[in-house]
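J.: Have a look at the structure that comes next, please.
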Amino acid sequence: MTSKNNKLSKCALRVPASGTLKMKILSTELEAKGKEIIHLEIGQPNFNTPTEIIEAAYNAMKEGKTGYTSSKGVRPLLEKIASVHSKDTGVEIDPKRNVITTPGAKASLFNALVSLVDPGDNIAVISPFWPSYSGIIQFIGAETRVVQAVTEDFSFPEESIKDAIDKNTKALLINSPSNPTGTIYDLDTLKFINDLSNDNDLMIITDEIYKKIIFEGKYHQYLSVSQSLDRTLVIDGLSKSHAMTGWRFGYAIGNKELVDSMNKVQQNISTCVNTPTQWAAIKALELEEPTMKMVAEYKIRRDKSLELIEQCDYLSCRKPEGAFYLFMKYEGSIPSNKLAVKILEEKGVALTAGSVFGNEENYLRISLASGLVDILEGIKRTNDILATLQ
Ligand SMILES: Cc1ncc(COP(=O)(O)O)c(C=O)c1O
């Protein structure tokens, strides 16, 4: 662009391209040139959306449910979300005041952060973290206050969090089970976070998109600990639990003031979630079994992959308790972004560099949402390339 009127805004220029999608774009380019690629780079379940959900969308369309809806979502859907979460957490949730549905959980996060943060404010996030958090915060012109998780097990950094937050910290963003580490916060950690929130008047944004993908231990929703929506905003969705990434459905549960503001943002951007998806989401929220089957398969993939990694000289990995990723540590001095491109170009394996998730060098993330044969081959080829670099 050359003319002054065509110059991009400062806001547009500071928005980073998605780090996780970058490898997808690179690998697709190589595929277009005829190279065969093993895809382990994005969190896209290799399962079809369960048939009942597809039928619910189809029936809605046949019944003429194809127009705009209320921007928060259709009433039965808001009621369903409120009742499911009330039952799980013991907190009374008003479907009209406390719930909003959005095109993906990403849009819930965007609407929330735009509603909460001004330039000059900061949001605390725990590294390693999903890069869209900092992408959205950067878009707004605010600061991502990165706090390193405990190195050994990626647990919550209770020691360092208090020094990291200050009067400009508007919220702490947590993500359990975590993308990329699969770490789950236990009850004591959630109680600690709740005390932190109360003592510092800190909003906790809790991204629980992987909450149904649990392999071990008991999962606790943060709201069941905080017992109040005053300083809690729950972010959730169906992309991962119900293999519905392309449907674009997410939602948020929060206090009325925040939800109303998120709704105003949404009214100006997307109006509402596409209508057949909303009716399909009601069905999805009633289904447990398809998710359980998928989780059983992810667990097999996790265990077989860890067995193989155990035998690899240059790779190691902490056992994730949830979500569907392996955050593998590697031996060697090559930066992870260079290594990821090298593995793609020379070995045809697309995975994600650890540096995409914060200051995480010497890590690579692979997704267990791909088929087992591909995952095992991808790990083997990664170890092979590392052997040539020692
Ligand atoms: C931690 C986390 N939160 C939110 C999302 C967004 O999911 P969606 O916008 O598909 O609902 C993702 C997707 O990868 C994620 O990993």
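Under this note's numbering, think of the first position of the sequence shown as -13, with each following residue one higher.
Note that beta-carbon positions come from the ideal geometry of N, C-alpha and C, so glycine has one too.
Quick one: is proline 62 buried, meaning 16 or more other Cβ sit within 10 Å of its Cβ, or exposed?
T.: For the purposes of this step, residue 62 is taken as residue 76 along the sequence shown, with counting starting at 1. Exposed is the call here.
J.: State the beta-bridge partners of methionine 189 as determined by DSSP.
T.: Translated into positions along the sequence shown, residue 189 becomes position 203. According to DSSP, methionine 189 bridges with Ala157.
J.: So if DSSP puts lysine 21 in a beta bridge, which residue, or which two residues, is it bridged to?
T.: Working through the sequence shown from its first residue, we reach residue 21 at position 35. BP columns for lysine 21 are empty, so no partner.
J.: Between isoleucine 365 and leucine 271, which are expected to be in contact by the criterion C-beta below 8 Å, what is the C-beta distance as a whole number of angstroms?
T.: The residue given as residue 365 occupies position 379 in the sequence shown. The residue given as residue 271 occupies position 285 in the sequence shown. Not a contact, Cβ separation roughly 35 Å.
J.: Does ligand 1 have even one heavy atom less than 8 Å from the beta-carbon of arginine 234?
T.: Counted from its first residue, the sequence shown places residue 234 at position 248. For ligand 1, at least one heavy atom lies less than 8 Å from the Cβ of arginine 234.
J.: Okay, do the region 243 to 260 and the region 159 to 179 touch, 3+ Cβ pairs below 8 Å being the bar?
T.: These segments do not touch.
J.: Could you tell me whether the Cβ atoms of proline 114 and phenylalanine 310 are closer together than 9 Å?
T.: Taking the first residue of the sequence shown as position 1, residue 114 is located at position 128. Taking the first residue of the sequence shown as position 1, residue 310 is located at position 324. Contact flag unset, no.
J.: Using the beta-carbon count (16 or more within 10 Å), is tyrosine 284 buried or exposed?
T.: Walking along the sequence shown from the start, residue 284 turns up at place 298. Counting Cβ neighbours within 10 Å, tyrosine 284 comes out buried, since at least 16 surround it.
J.: Which parts of the region 124 to 171 are runs of the beta strand (DSSP E), unbroken and 3 residues or longer, counting only runs that do not cross its ends?
T.: The qualifying runs are 129 to 134, 155 to 161.
J.: Return the chain-ordered list of same chain residues with a C-beta closer than 6 Å to the C-beta of alanine 229, the five sequence neighbours on each side being excluded.
T.: As a working mapping, residue 229 is identified with position 243 in the sequence shown. Excluding residues within five positions, the ones whose Cβ falls inside 6 Å are Pro31, Phe33, Thr35.
J.: Since I believe isoleucine 190 is in contact with threonine 218 (beta carbons under 8 Å), could you give me their beta-carbon distance rounded to a whole number of angstroms?
T.: The residue labelled residue 218 in the question sits at position 232 within the sequence shown. The residue labelled residue 190 in the question sits at position 204 within the sequence shown. Contact flag correct, Cβ pair sits at about 5 Å.
J.: Would you report the Cα separation of serine 353 and leucine 312, rounded to the nearest angstrom?
T.: Numbered from its first residue, the sequence shown carries residue 353 at position 367. Numbered from its first residue, the sequence shown carries residue 312 at position 326. The alpha-carbon atoms of serine 353 and leucine 312 are separated by roughly 6 Å.
J.: Find out if the Cβ-Cβ distance for the pair isoleucine 24, arginine 367 is shorter than 9 Å.
T.: On the sequence shown, position 38 is the one that residue 24 refers to. On the sequence shown, position 381 is the one that residue 367 refers to. Result yes, Cβ atoms of isoleucine 24 and arginine 367 sit closer than 9 Å.
J.: Our contact map puts asparagine 84 next to valine 245 with C-beta atoms below 8 Å; I'd like the distance itself, whole angstroms only.
T.: Indexing the sequence shown from 1 puts residue 84 at position 98. Indexing the sequence shown from 1 puts residue 245 at position 259. With a Cβ gap of about 6 Å, asparagine 84 and valine 245 count as contacting.
J.: I'd like the list of long-range same chain contacts for glycine 127, defined as Cβ closer than 6 Å, with 5 residues on each side in sequence excluded.
T.: Residue mapping note: residue 127 aligns to position 141 of the sequence shown, counting from 1. Cβ within range, chain order: Pro105.
J.: Phenylalanine 313 lies in the beta strand (DSSP E); which residues open and close that run?
T.: The count along the sequence shown starts at 1 and reaches residue 313 at position 327. Taken as a continuous stretch (DSSP letters only), the beta strand (DSSP E) holding phenylalanine 313 covers 311 to 316.
J.: Could you name the residues, in chain order, whose CB is less than 6 Å away from a heavy atom belonging to ligand 1?
T.: Here the list is Gly29, Gly90, Ala91, Lys92, Trp116, Asn161, Asn165, Asp193, Ile195, Gly223, Ser225, Thr231, Gly236.
J.: Can you give me the C-alpha to C-alpha distance between threonine 277 and lysine 315, rounded to a whole angstrom?
T.: For this step, residue 277 is matched to residue 291 along the sequence shown. For this step, residue 315 is matched to residue 329 along the sequence shown. Distance between the alpha carbons of threonine 277 and lysine 315: 29 Å.
J.: Going by DSSP in three states, glycine 232 sits in which element: helix, strand or coil?
T.: Position 246 of the sequence shown, counting from 1, holds the residue named residue 232. The answer is helix: DSSP assigns glycine 232 an H, G or I state.
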